[in-house]
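As you go down the protein sequences, you meet chains A and B in turn.
Mind the numbering: the first sequence is residues 2 to 279 in my numbering, read in order.
Mind the numbering: the second sequence is residues 31 to 322 in my numbering, read in order.
Here a beta-carbon is modelled for each residue, glycine too, at the ideal position from N, C-alpha and C.
From a predicted model like this one, the values you see are computed outputs, not experimental measurements.
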Amino acid sequence: VTGHGEVDDDFFDQLEEILLQADIGVSTAVMLTDRVRRRARSEKIREALAVRKMLKEEITSILVGNQAPIVWADHGLTVMLIVGVNGAGKTTTLGKLAARFKGEGKRVMLAAGDTFRAAAIEQLETWGRRAGVPVIKHKEGADPAAVAYDAVQSALARGMDVLLIDTAGRLQTKVNLMEEIKKVHRVIQRELATAPHEVLLVLDATTGQNAISQAKLFTQAVGVTGIVLTKLDGTAKGGVIIGIKQELGLPVKLVGVGERIEDLRDFDATEFADVLFS
Amino acid sequence: GLAERLQQTFQRLRGKGKLTEADVAEAMREVRVALLEADVNFKVVKDFVARVKERAVGQEVLASLTPGQQVIKIVHEELTNLMGGSNAKLKIGSKPPTVVMMVGLQGAGKTTTTGKLAGLLKKQGRRPLLVAADIYRPAAIRQLQIVGEKLGIPVFAMGDQHKPLDIVKGAMEHGRQHGNDYILIDTAGRLHINSEMMQELVDIKGFAQPQEVLLVVDAMTGQDAVNVAEQFHQSLGLDGVILTKLDGDTRGGAALSVRAVTGCPIKFVGTGEKLDALEPFYPDRMASRILG
Ligand SMILES: Nc1nc2c(ncn2[C@@H]2O[C@H](COP(=O)(O)OP(=O)(O)OP(=O)(O)O)[C@@H](O)[C@H]2O)c(=O)[nH]1
Ligand SMILES: Nc1nc2c(ncn2[C@@H]2O[C@H](COP(=O)(O)OP(=O)(O)OP(=O)(O)O)[C@@H](O)[C@H]2O)c(=O)[nH]1
Ligand SMILES: [Mg+2]
Ligand SMILES: [Mg+2]
Chain A
2 VTGHGEVDDD
12 FFDQLEEILL
22 QADIGVSTAV
32 MLTDRVRRRA
42 RSEKIREALA
52 VRKMLKEEIT
62 SILVGNQAPI
72 VWADHGLTVM
82 LIVGVNGAGK
92 TTTLGKLAAR
102 FKGEGKRVML
112 AAGDTFRAAA
122 IEQLETWGRR
132 AGVPVIKHKE
142 GADPAAVAYD
152 AVQSALARGM
162 DVLLIDTAGR
172 LQTKVNLMEE
182 IKKVHRVIQR
192 ELATAPHEVL
202 LVLDATTGQN
212 AISQAKLFTQ
222 AVGVTGIVLT
232 KLDGTAKGGV
242 IIGIKQELGL
252 PVKLVGVGER
262 IEDLRDFDAT
272 EFADVLFS
Chain B
31 GLAERLQQTF
41 QRLRGKGKLT
51 EADVAEAMRE
61 VRVALLEADV
71 NFKVVKDFVA
81 RVKERAVGQE
91 VLASLTPGQQ
101 VIKIVHEELT
111 NLMGGSNAKL
121 KIGSKPPTVV
131 MMVGLQGAGK
141 TTTTGKLAGL
151 LKKQGRRPLL
161 VAADIYRPAA
171 IRQLQIVGEK
181 LGIPVFAMGD
191 QHKPLDIVKG
201 AMEHGRQHGN
211 DYILIDTAGR
221 LHINSEMMQE
231 LVDIKGFAQP
241 QEVLLVVDAM
251 TGQDAVNVAE
261 QFHQSLGLDG
271 VILTKLDGDT
281 RGGAALSVRA
291 VTGCPIKFVG
301 TGEKLDALEP
311 FYPDRMASRI
321 LG
């Protein structure tokens with residue numbers, strides 16, 4: 002697969018394995034290798050490197066479709082809600098986003114919407130200090146919808162440009178927790194009709210096929226607008242996002258590449274496809 | 031699920047007469063797809079399916095009236111055997127304290143699980159000490175302290191301005207003085223490819239001489255599970271695995287991958303966010319779950 006050899010059945014099996022180990026999933030891997038095999042035959046392409054390049058282009062074209070930048074409100078306050086399963090990297094990502102937006106000259110506010118997990122509020126407050134932005138918080142155990150309400154009111158009153166709302170991790174199959182996040186979403190919408198302008202789903206790049214279920218159920222619940230793919234600095238490739246883009250049309254907007262405040266990048270489809278094969 | 035798919039495959043194949051080895055090979059494709067969809071690593075799947083095929087080409091399947099069911103039975107048995115017997119016990123050292131070290135990737139559930147384990151030991155009449163050795167993650171020490179408070183278990187901490195190795199040294203001394211028979215070390219999440227951070231674990235292990243080094247793995251981990259488990263085992267040496275977040279709907283194929291590549295037993299599973307949500311690992315239940 003790496004050389005300049007001719008393409009045969011073995012070659013396409015190896016190609017499928019590269020895709021599988023990138024967490025692309027069986028059906029997507031089969032679909033992609035079949036597509037490339039047919040194209041190679043019809044375009045009379047016989048050289049391995051050329052077929053690999055074709056596959057990279059197929060993947061890039063799936064991912065680049067409507068590579069959406071962050072959605073900002075036309076005027077006034079932009080509200081962003083961050084959601085996802087436990088430990089994916091939500092709180093850390095908000096810290097990075099707060100620093101990025103502050104660096105762009107925006108007036109940023111954070112809201113400690115995780116009122117459940119031990120030291121979740123302290124964790125976000127540390128990020129607030131690092132980024133130099135205020136953090137709205139209630140007591141541990143408070144209603145997260147109340148925190149969201151308070152945060153939107155406060156951000157509006159203080160003329161903030163962007164409000165970033167943290168939420169507790171939750172597994173997408175827990176009905177009561179999904180009801181809770183729907184309530185948070187409703188409360189935000191009630192206070193500001195156009196909000197939230199971004200609902201970011203944080204996906205850990207090490208996650209396997211369960212990511213599809215996460216994307217489906219979180220989108221059903223709160224209308225996810227984009228994905229943040231975290232921990233891409235590890236060895237996992239995050240290939241699940243290809244199937245997610247194909248099936249749900251959800252774009253990856255941002256990528257987490259480390260634990261420091263500056264370790265956040267815009268998603269680049271071409272680079273992603275390149276790394277998939279490295 | 032796999033049962034239905036196998037039944038359809040064999041119905042179609044039997045229509046052509048007696049079953050042959052070639053027919054079984056075709057059925058193995060269905061098994062392969064099912065395991066890949068369950069996130070079992072593709073190399074582990076290859077080896078596993080080869081094993082199953084060896085048994086499946088015998089009379090057990092070929093002469094059966096319900097070959098699909100026979101194949102499922104073989105797959106389930108092989109999965110269960112591979113993942114080993116139920117082994118939900120922590121080792122205990124020849125003289126106290128017994129040291130347990132919790133390691134793994136970022137966000138896997140180490141801090142929560144360390145608390146759960148301490149809670150379990152306390153219920154068993156032990157006197158555990160929790161050690162806050164994560165100096166990197168914001169409020170990590172506070173998180174473990176709050177967990178300790180909720181469980182009524184002491185937490186040894188020196189703040190985040192001391193090296194983790196020094197914190198562990200202090201904790202061992204403290205534990206000895208206070209008669210703690212178990213010392214549970216919560217470490218920072220880290221990448222298996224970060225050699226500095228892996229060396230930190232090697233140094234802590236070298237000093238503390240733990241009876242148990244437990245790899246905490248998120249049950250929804252995909253193909254990367256083998257890379258992580260292999261590297262942690264090679265660099266550090268593991269005694270066991272704890273699989274977390276099994277209260278979700280992930281099939282959990284990572285369990286098979288981790289077991290296959292390290293040979294280590296999965297000792298416990300995390301089944302929730304509350305501090306009592308820790309259960310023994312049952313390989314036959316995991317096998318059913320992986321097969322969907
Ligand atoms: N290597 C790496 N680690 C990351 C990245 N993003 C987050 N982390 C780490 O992942 C762990 C979990 O991050 P959190 O921000 O607490 O995740 P969370 O989704 O808020 O977790 P819960 O609120 O408990 O659900 C922390 O150790 C972070 O430092 C990333 O891009 N790369
Ligand atoms: N649903 C569920 N959540 C869990 C389980 N175990 C841990 N969690 C949650 O997963 C998230 C991460 O847990 P932590 O204990 O902070 O993970 P960690 O490995 O210590 O994270 P780092 O120190 O940043 O590497 C938290 O939201 C926990 O409440 C479990 O078995 N089920
Ligand atoms: Mg968080
Ligand atoms: Mg921790």
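Open item on the list: For chain A, check one thing: does any of its Cβ atoms lie closer than 9 Å to the Cβ of B/Q264?
Closed with: no
- [ ] Please state whether DSSP places A/V256 in a helix, a strand or coil.
- [x] strand
TODO: Starting from the C-beta of A/A274, find all residues in its chain whose C-beta is less than 6 Å away, skip the five residues before and the five after it, and write them out in chain order.
DONE: K57, I60, T61
TODO: Closer than 8 Å by C-beta to B/P324: which residues in its own chain qualify, once you throw out the five before and the five after it? Chain order, please.
DONE: Nothing in the structure corresponds to residue 324 of chain B, since chain B is present only between 31 and 322.
Open item on the list: Please list the terminal residues of the continuous alpha helix (DSSP H) segment that includes B/M188.
Closed with: Counting along the chain, B/M188 falls outside any alpha helix (DSSP H), and DSSP gives it neither H nor E.
TODO: Answer with buried or exposed for A/W128, where buried requires no fewer than 16 other C-beta atoms within 10 angstroms of its C-beta.
DONE: buried
Task: B/D279 vs A/T208 beta-carbon contact at 9 Å - done: no
TODO: Examine ligand 4 and report whether any of its heavy atoms sits within less than 8 Å of the Cβ of A/R118.
DONE: no
Open item on the list: Quick check: A/A132 and A/L111, are their CB atoms within less than 9 Å of each other?
Closed with: yes
Task: Cβ-heavy atom distance, A/L204 to ligand 1, below 8 Å - done: no
TODO: Decide yes or no for the touch test of the segment 87-98 of chain B against the segment 43-53 of chain B: beta carbon pairs closer than 8 Å, at least 3 of them.
DONE: yes
Open item on the list: Against chain B, which members of the segment 138-172 of chain A pass a CB distance test of less than 7 Å?
Closed with: L172
Open item on the list: Alpha carbons only, please: which of B/G88, B/I122, B/R81, B/E90 is nearest the one belonging to B/N111?
Closed with: B/R81
Open item on the list: Please list the terminal residues of the continuous alpha helix (DSSP H) segment that includes A/L33.
Closed with: 27-43
TODO: Enumerate in chain order the residues of its own chain whose CB-to-CB distance from A/W73 is below 7 Å, with the five nearest sequence positions on each side excluded.
DONE: T79, H198
TODO: Could you give the DSSP three-state label for B/F354: helix, strand or coil?
DONE: Limits of chain B in this structure are 31 at one end and 322 at the other, which puts residue 354 of chain B out of reach.
- [ ] For A/F268, name the three-state secondary structure that DSSP assigns.
- [x] coil
Task: Closer than 9 Å to chain A by CB, B/Y312 - done: no
Open item on the list: Just checking: is the beta-carbon of A/E126 within a distance shorter than 9 Å of some beta-carbon in chain B?
Closed with: yes
- [ ] Return yes when at least one heavy atom of ligand 2 lies under 8 Å from the C-beta of A/N177, else no.
- [x] no
Open item on the list: Could you tell me the alpha carbon to alpha carbon distance between A/F12 and A/L20, rounded to whole angstroms?
Closed with: 13 Å
Task: N- and C-terminal bounds of the alpha helix (DSSP H) containing A/F102 - done: 91-104
Task: 4 or more residues per run - each alpha helix (DSSP H) lying fully within the segment 114-187 of chain A - done: 121-132, 145-158
Open item on the list: At a cut-off of 8 Å, would you count A/E260 as near ligand 1, judging by its Cβ distance to the nearest heavy atom?
Closed with: yes
Task: Cut-off 8 Å between Cβ atoms - residues of its own chain near B/V198, not counting five sequence neighbours on either side - done: V161, A163, I215, I234, F237, A238
Open item on the list: At a cut-off of 8 Å, would you count A/Q124 as near ligand 1, judging by its Cβ distance to the nearest heavy atom?
Closed with: yes
Open item on the list: Residues of chain D with CB closer than 8 Å to the CB of B/Q136, please, in chain order.
Closed with: Protein chains A and B are contained in the structure displayed, whereas chain D is not.
Open item on the list: Strictly below 7 Å CB to CB, what residues from chain A border B/A250?
Closed with: Here residue 250 of chain B is Met; the residue named in the question, Ala, does not match the sequence. Within chain A, the residues near B/M250 are T208, G209, N211.
Task: Opening and closing residue of the beta strand (DSSP E) in which B/D248 lies - done: 242-248
TODO: Going by CA-CA distance only, name the one from A/A149, A/A30, A/L95, A/I122 that's closest to B/R172.
DONE: A/I122
- [ ] Pick out whichever of B/D77, B/G252, B/A57 has its Cα sitting closest to the Cα of B/V91.
- [x] B/A57
Open item on the list: Quick check: A/Q210 and A/G26, are their CB atoms within less than 9 Å of each other?
Closed with: yes
Open item on the list: Please report the straight-line C-alpha distance between A/R130 and B/K180, rounded to a whole angstrom.
Closed with: 27 Å
TODO: Between the Cα of A/V258 and those of A/P252, A/L249, A/G244, A/A237, spot the shortest distance and give me the residue it belongs to.
DONE: A/A237
TODO: Sort out for me which residues DSSP pairs A/T195 with in a bridge.
DONE: According to DSSP, which records beta bridges pairwise, A/T195 is partnered with nothing at all.
- [ ] Tell me whether A/M110 sits in a helix, a strand or coil according to DSSP, three-state version.
- [x] strand
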